[in-house]
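Asker: Structure in structure tokens, see below.
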Amino acid sequence: MSKKVRVRFAPSPTGGLHLGGVRTVLYNYLFAKKHGGDFIVRIEDTDQSRYVPGAEEYIFDCLRWCGLEPDESVQHGGNVGPYRQSERKALYKKYAQQLIDQGHAYYAFDTPEELEQMREKNKTAENPSPQYDQHLRHKMRNSLTLTEAEVKNLLDQNTPHVIRIKMPEGKTLSFTDLIRGEVSFDTSTVDDKVLLKADGMPTYHLAVVVDDYLMKITHAFRGEEWLPSAPVHLLVWQYLFGWEHMPQWAHFPLILGPTGKLSKRDGAKYGFPVFAMNWKDPKSGELTEGFKEKGFLPEAFVNLLALLGWNEGTEKEVYAIDELINAFSMERVHSSGAKFDYEKAKWFNHEWIKKSSASRLLPFVRNQFEKANLIVADTDQLEKVIDLVKERCTLLSDFVEQSRFFFERPSQIDTASILSKWSPEKEAFFSSLIHYYEQTHQWTAQELEKILKDLALSQSLKVGELMLPLRIMLVGGKFGPGVFDIAALLGQQETLQRLVQAKQLILKGI
Ligand code: GLU
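For the sequence shown, counting from 1, position 315 maps to 374 in our numbering; every step adds exactly one.
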């Protein structure tokens with residue numbers, strides 16, 4: 060029997076969750092669900108200098124909003140915890156020690172000043188930032204250059220030190236990426252990365268391997284930016300656990316903005332969100348807008364992210380999560396960068412708003428109304444309005460403008476647009492229309508349309524010229540869904556009051 064699929068998302072809690080991060084979550088989630096596996100979230104917080112308070116909770120909030128709940132995590136529990144690397148600190152030391160004992164890693168005692176000197180002394184035009192590697196390690200203060208007694212002495216005195224991997228010379232390492240196929244590296248081009256830092260914390264390079272092993276991860280999917288680290292990880296895997304236990308890897312393509320890799324600044328510059336949800340940086344207080352607050356439905360956000368770097372090979376674009384789980388395969392994820400197009404993102408949202416039932420949209424719309432101080436108690440009426448205007452809404456915030464007039468009389472009536480084509484005939488027509496609308500007992504859109512058309516015919520007026528003034532009288536301007544649908548929903552009394560009031564305004568304006 061093959062092993063149960065186990066995948067992980069391993070964010071560092073350093074700030075807002077970029078849409079590239081959510082796409083990584085999504086592809087992991089889809090893969091896990093498709094194969095009946097587990098989706099694990101592991102918090103990679105070993106770099107204390109980059110730790111940002113609140114970022115961890117924020118990540119879980121984003122996942123919850125997207126409907127991508129982990130099976131195991133700090134918040135969800137599980138059998139292979141702790142799921143926060145800072146709480147696993149003691150564990151990594153043992154593996155770093157094992158690498159030293161095997162001769163694959165070494166202690167390095169160089170101070171920051173010594174490292175700086177090394178860079179200064181060795182930099183050339185071709186190599187402006189020399190690395191701690193096979194060419195330079197022999198000139199530095201480490202357990203490869205010092206005697207055993209010196210090393211022991213330094214360690215006994217608790218001299219600050221790190222543990223570095225000893226990259227082998229001239230070896231070719233390869234692995235098969237599920238998206239990219241075979242990928243190879245020459246170890247001579249890779250520096251001796253730090254595995255354990257002076258504060259006893261592991262770096263990502265050690266922790267990712269140890270944790271993927273201990274958490275029984277079968278597939279490790281991450282962003283393309285981690286590809287250059289792969290040779291280090293391959294070696295750590297080989298030395299500590301053996302390649303046969305290694306997860307299968309895939310590296311997702313970058314998400315591109317208008318000017319290369321999509322950055323937070325692109326969002327601010329071009330006026331579209333880059334984070335899943337609003338993120339307020341606790342230090343600077345800077346607020347970066349999220350897709351949620353911009354007015355995206357989570358279904359649409361997930362759908363648009365799925366298609367940002369993957370397609371099924373058909374014309375289909377609108378997918379619900381279950382359809383994505385069915386259709387998704389890692390082999391169909393593209394290897395080249397995926398361009399983010401905000402107009403297309405809005406298209407997805409519009410499609411999802413149109414497709415969603417009024418009851419699904421209700422809480423989102425209520426939320427938008429609250430923000431706009433629009434109070435509506437009648438849920439039935441609100442659902443009817445939602446159904447009527449949803450076609451016209453691209454963002455959830457559009458519901459406010461598209462439906463405010465149902466619940467509040469328009470604060471302004473564009474009488475200028477009516478007056479430019481007003482005539483005594485129209486004046487007479489609207490007086491009769493008000494009369495007939497008062498008399499009818501059948502307050503439906505069809506009936507109201509019939510009354511207007513019959514009346515127009517009897518007075519030899521063109522229907523087209525009457526609809527616009529009627530609309531403006533009811534909603535205040537030239538917008539909104541079908542005018543008879545509006546009147547039907549407003550109800551007889553409210554419609555008549557608006558017509559009478561607007562007519563008085565027009566008379567004043569003549
Ligand atoms: N902590 C890494 C990050 O923040 C995780 C990379 C990985 O998934 O291995 O992206």
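From the three backbone atoms N, C-alpha and C, an ideal C-beta is built for every residue, glycine too.
Can you pull the DSSP bridge partners for histidine 77?
Answerer: Along the sequence shown, read from residue 1 onward, the residue named residue 77 stands at position 18. In the DSSP output, where bridge partners are listed per residue, histidine 77 has Phe334.
Asker: Do the segment 267-281 and the segment 426-443 make contact, defined as three or more Cβ pairs closer than 8 Å?
Answerer: No, the segment 267-281 is not in contact with the segment 426-443.
Asker: Rounded to whole angstroms, how far is the Cβ of alanine 335 from the Cβ of glycine 349, which I believe are closer than 8 Å?
Answerer: Sequence index remark: in the sequence shown, residue 335 carries index 276 (1-based). Sequence index remark: in the sequence shown, residue 349 carries index 290 (1-based). The pair is a contact, with the Cβ atoms about 5 Å apart (cut-off 8 Å).
Asker: Taking Cβ positions, are valine 268 and leucine 299 nearer each other than 8 Å?
Answerer: Here residue 268 refers to the residue found at position 209 of the sequence shown. Here residue 299 refers to the residue found at position 240 of the sequence shown. Yes. Within cutoff.
Asker: Whole angstroms is fine: what's the gap from glutamate 486's alpha carbon to lysine 521's?
Answerer: Translated into positions along the sequence shown, residue 486 becomes position 427. Translated into positions along the sequence shown, residue 521 becomes position 462. C-alpha separation (whole angstroms): 14 Å.
Asker: DSSP puts glutamate 241 in a beta bridge; with which residues?
Answerer: Your numbering for residue 241 matches position 182 in the sequence shown. Paired residues: Thr235.
Asker: I want to check one thing, is the minimum distance from the CB of tryptophan 285 to the heavy atoms of the ligand GLU below 7 Å?
Answerer: On the sequence shown, position 226 is the one that residue 285 refers to. Answer for tryptophan 285: yes, Cβ within range of the ligand GLU.
Asker: Opposite valine 100 in the DSSP bridges: which residues?
Answerer: Counted from its first residue, the sequence shown places residue 100 at position 41. Beta-bridge pairing links valine 100 to Phe68.
Asker: Identify, in the order they occur along the chain, each residue of the same chain with its Cβ nearer than 8 Å to the Cβ of arginine 391, setting aside the five sequence neighbours on each side.
Answerer: To locate residue 391, count along the sequence shown from 1; it is residue 332. Around arginine 391: Trp369, Asn370, Glu371 and Gly372.
Asker: Return yes when the Cβ of leucine 478 is within less than 8 Å of the Cβ of lysine 445, no when it is not.
Answerer: Taking the sequence shown and counting its residues from 1, the one referred to as residue 445 is at position 386. Taking the sequence shown and counting its residues from 1, the one referred to as residue 478 is at position 419. The question names lysine, but residue 445 in the sequence shown is isoleucine. No.
Asker: Quick one: what's got a C-beta closer than 6 Å to leucine 294's C-beta in the same chain, skipping five residues either side?
Answerer: For the purposes of this step, residue 294 is taken as the residue at position 235 of the sequence shown. Excluding residues within five positions, none has a Cβ falling inside 6 Å.
Asker: Does the structure place the segment 375-382 close enough to the segment 254-266 that three or more beta carbon pairs sit under 8 Å?
Answerer: With a cut-off of 8 Å, the segment 375-382 and the segment 254-266 do not count as touching, because too few Cβ pairs lie within range.
Asker: If you reduce the DSSP assignment to three classes, tell me which class valine 111 lands in.
Answerer: As a working note, residue 111 is residue 52 in the sequence shown. In this structure, valine 111 counts as coil in the three-state DSSP scheme.
Asker: Cα separation between lysine 567 and threonine 474?
Answerer: The count along the sequence shown starts at 1 and reaches residue 567 at position 508. The count along the sequence shown starts at 1 and reaches residue 474 at position 415. Cα to Cα, lysine 567 sits roughly 10 Å from threonine 474.
Asker: Determine the DSSP secondary structure at asparagine 212, reduced to helix, strand or coil.
Answerer: Reading the sequence shown from its first residue, position 153 is the one you call residue 212. Residue state, collapsed to three classes: helix.
Asker: Would you tell me roughly how many angstroms separate the C-alpha atoms of isoleucine 493 and tryptophan 406, rounded to the nearest one?
Answerer: Here the question's residue 493 lines up with position 434 in the sequence shown. Here the question's residue 406 lines up with position 347 in the sequence shown. The straight-line gap from Cα to Cα measures roughly 40 Å.
Asker: Please state whether DSSP places proline 31 in a helix, a strand or coil.
Answerer: An answer regarding residue 31 cannot be provided, because it is not within the stretch 60 to 569 covered by the chain.
Asker: What does DSSP give as the partner residue(s) for valine 392 in the beta ladder?
Answerer: As a working note, residue 392 is residue 333 in the sequence shown. Its beta-bridge partners are Trp369.
Asker: Could you please give me the residues that DSSP links to isoleucine 314 through a beta bridge?
Answerer: Mapped onto the sequence shown, residue 314 falls at position 255. DSSP output for isoleucine 314 lists Ala397 as bridge partner(s).
Asker: Would you check if there are 3 or more beta carbon pairs closer than 8 Å linking the segment 320-333 to the segment 62-78?
Answerer: With a cut-off of 8 Å, the segment 62-78 and the segment 320-333 count as touching, because enough Cβ pairs lie within range.
Asker: Leaving aside the five residues before and after tyrosine 329 along the sequence, list all residues of the same chain whose C-beta is less than 8 Å from its C-beta, in chain order.
Answerer: As a working mapping, residue 329 is identified with position 270 in the sequence shown. Counting only Cβ-Cβ distances below 8 Å, and skipping sequence neighbours, we find Gly316, Pro317 and Tyr401.
Asker: Does the count of Cβ pairs from the segment 352-361 and the segment 408-417 closer than 8 Å reach three?
Answerer: Segments in contact, yes.
Asker: For a minimum of 4 consecutive residues, which ranges assigned as the alpha helix (DSSP H) are wholly contained in the segment 510-549?
Answerer: Fully enclosed alpha helix (DSSP H) runs of 4 or longer: 523-534 and 542-549.
Asker: Using 8 Å as the Cβ pair cut-off and three pairs as the minimum, do the segment 155-166 and the segment 203-223 touch?
Answerer: A contact exists between the segment 155-166 and the segment 203-223.
Asker: Are serine 394 and arginine 239 closer than 8 Å when you measure CB to CB?
Answerer: On the sequence shown, residue 394 is found 335 positions in, with the first residue counted as 1. On the sequence shown, residue 239 is found 180 positions in, with the first residue counted as 1. Result yes, Cβ atoms of serine 394 and arginine 239 sit closer than 8 Å.
Asker: Within this structure, are the beta carbons of arginine 557 and arginine 468 separated by less than 8 Å?
Answerer: Here residue 557 corresponds to residue number 498 of the sequence shown, with the count starting at 1. Here residue 468 corresponds to residue number 409 of the sequence shown, with the count starting at 1. Closer than 8 Å, so yes.
Asker: If the criterion is Cβ atoms closer than 8 Å, does the pair isoleucine 565 and tryptophan 502 meet it?
Answerer: For the purposes of this step, residue 565 is identified with residue 506 of the sequence shown, where counting begins at 1. For the purposes of this step, residue 502 is identified with residue 443 of the sequence shown, where counting begins at 1. Contact: no.
Asker: Which word fits tryptophan 302, buried or exposed, when buried means at least 16 other C-beta atoms lie within 10 angstroms of its C-beta?
Answerer: Here residue 302 corresponds to residue number 243 of the sequence shown, with the count starting at 1. Tryptophan 302 comes out exposed.
Asker: For valine 221, which of Tyr191, Glu241 and Pro227 has the nearest alpha-carbon?
Answerer: By one-based count along the sequence shown, residue 221 stands at place 162. Looking at the Cα atoms, Tyr191 is the closest of the given residues.
Asker: Going by DSSP, name the residue or residues bridged to glutamate 131.
Answerer: Looking up residue 131 in the sequence shown gives position 72. Beta-bridge pairing links glutamate 131 to Ile99.
Asker: Would aspartate 104 and serine 71 be called neighbours here (beta carbons separated by less than 8 Å)?
Answerer: Position 45 of the sequence shown holds residue 104. Position 12 of the sequence shown holds residue 71. In this structure, serine 71 lies closer than 8 Å to aspartate 104 by Cβ.
Asker: Take threonine 73 as the anchor and find which of Pro540, Asp544 and Gln107 has the nearest alpha-carbon.
Answerer: Within the sequence shown, the letter at position 14 stands for residue 73. The option with the nearest alpha carbon to threonine 73 is Gln107.
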